[in-house]
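A.B. asks: Residue numbers (our numbering), protein chains in the order written: chain A, 1 to 186; chain B, 187 to 490. After the C-alpha cells below, expect a handful of questions from me.
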Amino acid sequence: MYSMNRIVTQLRLRDFMDSDDGWGNAYGREVHQALLEAVEASSGKLVFRISVAGVRRVDVSFAREAIVELAARYRGSEGVCLVDLPNADHLENWEAAATRRRQPLTAWIDGKPRMLGPPPSRGNKAVLEHMLNRGEATAARLSRELNLTLTNASTKLKQLLEQGYLLRREEISPSGGVEYTYFVIG
Amino acid sequence: MAIEVRFRPSWIDAYWFERALSATVSVLRHPDMQARFVFPEGSKLMVDAGIRLLSLVHQLDRVGKSVTLEFEGGRDGTFGYLDRMGFLEQLPTAVAVIPERPRISAVAQYRGRNPTLVEFEPILPEARDRHLPSRLADVLLRSVGEREDATALSTAAFTVLSEMIDNVYEHSQTHLAGYAVQQLYHGGGRAKLAVSDSGLGLLDTLKESLNVLPPRLAELSDTELVVEAFRNGLSRCGGGRGGGLKICADHAVRYRSELRVRLYTSQVHLKPSTDGYSPNMAYTTDNLPPLWGTHISFDFELGG
Numbered sequence: 001m002y003s004m005n006r007i008v009t010q011l012r013l014r015d016f017m018d019s020d021d022g023w024g025n026a027y028g029r030e031v032h033q034a035l036l037e038a039v040e041a042s043s044g045k046l047v048f049r050i051s052v053a054g055v056r057r058v059d060v061s062f063a064r065e066a067i068v069e070l071a072a073r074y075r076g077s078e079g080v081c082l083v084d085l086p087n088a089d090h091l092e093n094w095e096a097a098a099t100r101r102r103q104p105l106t107a108w109i110d111g112k113p114r115m116l117g118p119p120p121s122r123g124n125k126a127v128l129e130h131m132l133n134r135g136e137a138t139a140a141r142l143s144r145e146l147n148l149t150l151t152n153a154s155t156k157l158k159q160l161l162e163q164g165y166l167l168r169r170e171e172i173s174p175s176g177g178v179e180y181t182y183f184v185i186g
Numbered sequence: 187m188a189i190e191v192r193f194r195p196s197w198i199d200a201y202w203f204e205r206a207l208s209a210t211v212s213v214l215r216h217p218d219m220q221a222r223f224v225f226p227e228g229s230k231l232m233v234d235a236g237i238r239l240l241s242l243v244h245q246l247d248r249v250g251k252s253v254t255l256e257f258e259g260g261r262d263g264t265f266g267y268l269d270r271m272g273f274l275e276q277l278p279t280a281v282a283v284i285p286e287r288p289r290i291s292a293v294a295q296y297r298g299r300n301p302t303l304v305e306f307e308p309i310l311p312e313a314r315d316r317h318l319p320s321r322l323a324d325v326l327l328r329s330v331g332e333r334e335d336a337t338a339l340s341t342a343a344f345t346v347l348s349e350m351i352d353n354v355y356e357h358s359q360t361h362l363a364g365y366a367v368q369q370l371y372h373g374g375g376r377a378k379l380a381v382s383d384s385g386l387g388l389l390d391t392l393k394e395s396l397n398v399l400p401p402r403l404a405e406l407s408d409t410e411l412v413v414e415a416f417r418n419g420l421s422r423c424g425g426g427r428g429g430g431l432k433i434c435a436d437h438a439v440r441y442r443s444e445l446r447v448r449l450y451t452s453q454v455h456l457k458p459s460t461d462g463y464s465p466n467m468a469y470t471t472d473n474l475p476p477l478w479g480t481h482i483s484f485d486f487e488l489g490g
C-alpha cells in the first residue's frame, strides 16, 4: 500500500458499532448512515480505508448495507476499501455481499490487495491484475508495459474506474497538460 | 371433546412431530376449539420439533382455541427439560399445563449457564434483540472451542442464524413472536439450529418477487423455488438483496448440514451434495397439517 496522506483517511468500523458483531439489514443501514456522515465530513479525501480491527463477525446483509453500499455510492469518484482483516477466513461474507451487489471492493490482507465481488470482464482482466501488482499507472505507462495502444489502455482503465475497481487522481504531466494516474484503492 | 395429538415415548424430532400431527385432524383448521398435546413417559422433545410446537400453540391461542399440554411422566423427563429450555415460559398464559406450570421456572434460574444450549428465545417484531445471533453463535463457539475450525464454525452458525432471524424481522409481517433455539447433541455429534416464525411464509415472500425475476422462475414448483432460493438466492427487494439464504446454504453445506424448511402444508428437506443443495437432493413432503409461517432448521455435523 502506498501512502497518499493528503487524500487518504482511515475509519474504524468498530467505532460505529455497538458490539463486535454486525448483522441484519436494519443495523447495516444505521451504521452506513453514521459512516456516510463521517465520509461527508472528510472533504477532500479520495480514499477511505475502513479498518475492521475489533469487528468479530459480520453477516452478508450487514456487510452489504454498511460498507458495500458506501463503495457503490462513491464509485468512480472516491474509494472505499477494507483493511486490518486478520486473514482470508474472514472474507467470505464480504465477498458474498460485494458479489451480490455487483460492486467491487478492495480488501487488503498482509499488505496485498485482493478484489472482492464481481470479476472484471475478460478484456479487462489482465489490466486489473497488472494494476493489482503494480499499484498505480498512467495510461501511457500501461500501454508500454502491456503493449497496448494508448487509446486501448486509456479505455480499459476508464472502464475499470467506472466499474469501481480503480480510482484515479489528476496530475500535471511533464508536458504541462493534465494526465490521470489510476491506482488501486488503498 | 379435544383434538388429541399424542407423541411417541422416545426422541421426537421434526419428523416425528409431523407424524404425530398428521395422525389426527388439523388442530389449526378443525372447528373443534380444544386441542391437547400429550407427552407419554419416555418422550424426549428435540428443539427442531419444540420450536414448531411452540409456534403452533401460539397460533392456536391466537384463533381462540383452548390448548392443553399434558406430561404423563409428571415433572421428570420432557417436562423438566422444556422448563429448563424456557419453552414453558414462552407459552401463552391461557395454555394449560398438566401437572402444572412451575411457580418458579428453571430457565429463570439457569438461563445462559449451560454451554451446550440456548434456550427458546423470542423474536419480537416490535423489539429487536440486537445480540441474539451472537448469543447463539457464542454458545457453539464455547462448545467447540478446541477444534481448529472453531472460529469458522461459529462464523458459519452466526451467519445462518443472523440471516434467518433478520428475515423474520424484515419479512414475516406478523405480531406473533418468532423463535430461535440451539442445542448441541454431543451423543449424535450434531448441533441443531432452528428459527421459526408465524407470519408470511417464505414461499409467499419469494413469490411476491416473481414480477421482477426471470420468467423461468415462475414455472418452478414450490420445492424448486425453495431450492433455488438457497442455491442461487432470490429476493423481493432489489439492489442485490436476497443473497442471505444462499450464503446460509454455502456455510451450512460445509458442515454437511441437512436443512428442513417447513411451510404452510409442506416441508422441503435438503441434503447436501458436493456442489451444495441441489434439486435432486431435495425431498418434499406435501399434505402436512397447516402451520402458519416458516420454520427452518439446520443440523450441523460436528463430528466425534
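Virtual Cβ for every residue (Gly too), placed ideally from N, Cα, C.
Run through chain A and tell me which residues come within less than 7 Å of Arg270(B), C-beta to C-beta.
C.D. replies: Ordered by position in chain A, no residue passes the 7 Å Cβ test against Arg270(B), which lies about 26 Å from the chain.
A.B. asks: Compare the beta carbon distance of Val52(A) and His90(A) with 9 Å and say whether it is the shorter of the two.
C.D. replies: Result yes, Cβ atoms of Val52(A) and His90(A) sit closer than 9 Å.
A.B. asks: Could you check which residue in Arg101(A), Ser121(A), Glu95(A) and Val127(A) has the C-alpha nearest to that of Arg114(A)?
C.D. replies: Among Arg101(A), Ser121(A), Glu95(A) and Val127(A), the Cα nearest to that of Arg114(A) is on Glu95(A).
A.B. asks: For the region 339–358 of chain B, which residues have a beta carbon sitting closer than 8 Å to at least one beta carbon of chain A?
C.D. replies: The region 339–358 of chain B vs chain A, Cβ under 8 Å: Ser340, Thr341, Phe344, Thr345, Ser348, Glu349, Ile351, Asp352, Tyr355 and Glu356.
A.B. asks: Can you tell me whether Ala468(B) is helix, strand or coil according to DSSP?
C.D. replies: Strand at Ala468(B).
A.B. asks: Within 10 angstroms of the Cβ of Met17(A), are there 16 or more other Cβ atoms? Answer buried if so, exposed if not.
C.D. replies: With 16 or more other Cβ atoms within 10 Å, it is buried.
A.B. asks: I'd like to confirm the pairing. Which residues does DSSP put opposite Gln359(B) in its beta bridges?
C.D. replies: In DSSP, Gln359(B) forms no bridge with anything.
A.B. asks: How would you list, in chain order, the residues of chain B whose beta-carbon sits under 9 Å from the beta-carbon of Leu31(A)?
C.D. replies: The amino acid occupying residue 31(A) in the given sequence is Val; Leu does not appear at that position. Correct list: empty, because the minimum Cβ distance to chain B is about 12 Å.
A.B. asks: Along the alpha helix (DSSP H) that carries Val127(A), what are the first and last residues, could you check?
C.D. replies: Note, Val127(A): alpha helix (DSSP H), Arg122 to Arg134.
A.B. asks: Unbroken alpha helix (DSSP H) runs of length 4 or more, entirely within the region 205–278 of chain B: which are they?
C.D. replies: You should have 233–248, 264–270 and 273–276.
A.B. asks: What does the alpha-carbon distance come out to for the pair Gly228(B) and Leu274(B)?
C.D. replies: Straight-line Cα distance between these residues: approximately 18 Å.
A.B. asks: Is the CB of Gly364(B) under 9 Å away from at least one CB in chain A?
C.D. replies: It does not: the Cβ of Gly364(B) has no partner Cβ on chain A nearer than 9 Å.
A.B. asks: Between the region 59–87 of chain A and chain B, which residues of the former have a C-beta closer than 7 Å to a C-beta of the latter?
C.D. replies: So the close ones are Asp59, Val60, Ser61 and Arg64.
A.B. asks: Closest to Leu132(A) by C-alpha separation, out of Gly44(A), Thr149(A), Ile109(A) and Leu150(A), would be which residue?
C.D. replies: Nearest of Gly44(A), Thr149(A), Ile109(A) and Leu150(A) to Leu132(A), Cα basis: Ile109(A).
A.B. asks: Thinking C-alpha only, which one of Asp15(A), Val127(A) and Gly176(A) is nearest Leu166(A)?
C.D. replies: Checking every option, the nearest Cα to that of Leu166(A) belongs to Val127(A).
A.B. asks: Taking only the alpha-carbon atoms, compute the straight-line gap between Val454(B) and His317(B) and give it to the nearest angstrom.
C.D. replies: Roughly 29 Å separates the two Cα atoms.
A.B. asks: What residues match up with Thr480(B) in a beta bridge as DSSP calls it?
C.D. replies: Partner(s): Asp383(B).
A.B. asks: Quick check: what's the CA-CA separation for Leu445(B) versus Arg134(A)?
C.D. replies: Cα-Cα distance, rounded: 45 Å.
A.B. asks: So Glu95(A) is in the beta strand (DSSP E); what residue range does that whole segment cover?
C.D. replies: Looking at the DSSP string, Glu95(A) is not in any beta strand (DSSP E); the run it does join, the alpha helix (DSSP H), is Glu92 to Arg101.
A.B. asks: Starting from Val68(A), follow the beta strand (DSSP E) in both directions and report where the run begins and ends.
C.D. replies: Looking at the DSSP string, Val68(A) is not in any beta strand (DSSP E), and its letter there is neither H nor E.
A.B. asks: Which residues, in order along the region 312–331 of chain B, keep a beta-carbon less than 8 Å from a beta-carbon of chain A?
C.D. replies: Taking 8 Å as the Cβ-Cβ cut-off against chain A, the residues of the region 312–331 of chain B that qualify are Arg314, Arg316, His317, Pro319, Ser320 and Ala323.
A.B. asks: Check Pro118(A) in the structure and name its three-state DSSP category.
C.D. replies: Coil at Pro118(A), not helix or strand.
A.B. asks: On the DSSP letters alone, give me the boundaries of the beta strand (DSSP E) that Phe183(A) sits inside.
C.D. replies: Here the beta strand (DSSP E) through Phe183(A) covers Val178 to Val184.
A.B. asks: Let's test the definition: count the other Cβ atoms within 10 Å of the Cβ of His130(A) and tell me whether it reaches 16, buried, or not, exposed.
C.D. replies: Result: exposed.
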